[in-house]
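Numbering (the numbering used here), first residue to last: 144 to 422. All C-beta atoms, glycine included, are put in the ideal place defined by N, C-alpha and C. Values in this document were obtained by computation on a predicted structure and should not be read as measured data.
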Amino acid sequence: MTPNADIILSVDGLNVTYPGNVRALADTSVAFRKGQFTVLLGLSGAGKSTLLRSLNGLVKPTAGHVEAQGIGRLSSAALIRRHRRATAMVFQHHQLLHRKTALANVLTGRLAYHSTLRSLVPLPREDQELALHCLERVGLADKALSRVDQLSGGQQQRVGIARALAQKPRIILADEPVASLDPSTSERVLALLQRVCREDGITAIVSLHQLDYAQRFADRIIGLADAHVVFDAAPAALDRSQLARIYPDYAAPSQHSQSHAAPADASQRAPGLTLETAR
Numbered sequence: 144m145t146p147n148a149d150i151i152l153s154v155d156g157l158n159v160t161y162p163g164n165v166r167a168l169a170d171t172s173v174a175f176r177k178g179q180f181t182v183l184l185g186l187s188g189a190g191k192s193t194l195l196r197s198l199n200g201l202v203k204p205t206a207g208h209v210e211a212q213g214i215g216r217l218s219s220a221a222l223i224r225r226h227r228r229a230t231a232m233v234f235q236h237h238q239l240l241h242r243k244t245a246l247a248n249v250l251t252g253r254l255a256y257h258s259t260l261r262s263l264v265p266l267p268r269e270d271q272e273l274a275l276h277c278l279e280r281v282g283l284a285d286k287a288l289s290r291v292d293q294l295s296g297g298q299q300q301r302v303g304i305a306r307a308l309a310q311k312p313r314i315i316l317a318d319e320p321v322a323s324l325d326p327s328t329s330e331r332v333l334a335l336l337q338r339v340c341r342e343d344g345i346t347a348i349v350s351l352h353q354l355d356y357a358q359r360f361a362d363r364i365i366g367l368a369d370a371h372v373v374f375d376a377a378p379a380a381l382d383r384s385q386l387a388r389i390y391p392d393y394a395a396p397s398q399h400s401q402s403h404a405a406p407a408d409a410s411q412r413a414p415g416l417t418l419e420t421a422r
């Protein structure tokens with residue numbers, strides 16, 4: 144890929160094949176710009192999670208490479224550790240310590256800044272103050288001493304975002320962060336994630352399967368299907384032909400009857416978008 148000062152993270156010729164000859168990514172090349180909120184969009188099994196995990200060194204490529212600005216190719220364990228320190232993850236199922244308080248969970252975002260021995264004792268006061276500030280930013284300062292298992296799903300995901308912020312990252316990778324939340328809570332969580340990333344200049348790369356959320360919150364949408372990137376566009380530039388590459392039943396109007404009936408199989412349909420509203 145051509146060097147560019149705005150490129151903070153990139154993959155070039157990335158291939159990932161899991162045991163059993165399961166192809167998860169095929170010849171994928173894409174670059175991510177600083178401060179951009181990018182959504183990876185596609186159905187389950189399209190390759191979204193594999194791409195995200197490759198970006199953080201959690202999945203080792205079969206071929207190709209990942210390159211981070213200021214670090215270079217993630218070709219060794221030491222370089223991957225350095226990259227992860229500045230790259231936070233937000234997970235679909237939160238990955239929180241449910242018997243610990245919200246504050247204790249947010250403090251785990253600071254562990255990469257301390258030795259293993261130091262992490263066995265209470266972290267410095269400045270770390271605790273930072274963790275409290277992060278909880279305040281996500282509207283949970285009053286829940287700092289509440290156990291995570293006493294919080295709602297939306298509150299738990301906000302704790303996950305606060306933990307990511309405590310890491311002081313330059314990149315946040317979010318893997319289906321609202322898949323288990325109701326629509327109202329999903330909108331609040333995505334709006335929060337978008338806001339804090341913009342305030343801090345953080346690059347966000349978020350996997351979603353809901354097209355309406357992608358169009359509302361993303362600066363850029365990358366569509367994946369069958370282990371390939373099939374389109375890369377601004378939300379306003381998406382059209383029917385592009386959507387049909389990841390949602391097969393969203394074909395061009397000429398391929399449908401005058402009634403524009405909705406796809407029979409909802410799993411193949413772009414959530415939140417009707418045929419009438421698709422371009």
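- Remark: C-beta atoms of Ser-219 and Asp-318 do not approach each other more closely than 8 Å.
- Asp-392 counts as buried, since at least 16 other C-beta atoms from the protein chains shown sit within 10 angstroms of its C-beta.
- For Asn-248, the enclosing alpha helix (DSSP H) begins and ends at 245 to 250.
- Annotation for His-208: the continuous beta strand (DSSP E) segment containing it runs 206 to 211.
- If only uninterrupted alpha helix (DSSP H) runs of at least 4 residues are considered, those enclosed by the stretch 295 to 323 are 296 to 309.
- Within the model, the alpha-carbon separation for Gln-337 versus Ser-329 is close to 12 Å.
- Take the alpha-carbon of Arg-253 and the one of Leu-275: they are about 12 Å apart.
- Scanning its chain for C-beta atoms nearer than 6 Å, with the 5 sequence neighbours on each side dropped, one finds around Arg-313 the residues Ala-229, in chain order.
- Taking 8 Å as the cut-off, the beta carbon of Val-302 is found no closer than this to the beta carbon of Leu-240.
- For Ile-364, same chain residues with a beta-carbon under 7 Å away, outside a window of 5 residues either side, are Val-182, Leu-184, Ala-357, Ala-376, Pro-378 and Leu-381 in chain order.
- The beta carbon of Leu-324 sits closer than 7 Å to those of Gly-296, Gly-297, Gln-300 and Val-332, all from its chain and outside the five residues before and after it, given in chain order.
- Out of Ile-389, Ala-206, Arg-176 and Gln-310, the CA that lies nearest to the CA of Val-249 is found in Gln-310.
- Our two residues, Asp-362 and Leu-351, have alpha carbons roughly 14 Å apart in a direct line.
- For Leu-351, the enclosing beta strand (DSSP E) covers residues 346 to 351.
- Within the stretch 154 to 219, the complete beta strand (DSSP E) runs of at least 3 residues fall at 165 to 176, 180 to 184 and 206 to 211.
- Where Asp-355 is concerned, the enclosing alpha helix (DSSP H) starts and stops at 354 to 360.
- Beta-bridge annotation (DSSP): Val-233 is paired with Ala-317.
- Annotation for Val-339: no beta strand (DSSP E) segment contains it, though the alpha helix (DSSP H) segment containing it runs 326 to 343.
- The beta carbon of Ala-370 sits closer than 7 Å to the beta carbons of Arg-166, Ala-167, Leu-168, Ala-169 and Gly-190 from its chain, once the five residues preceding and following it are set aside; these are given in chain order.
- Annotation: Leu-367 is outside any alpha helix (DSSP H); the continuous beta strand (DSSP E) that includes it extends over 363 to 368.
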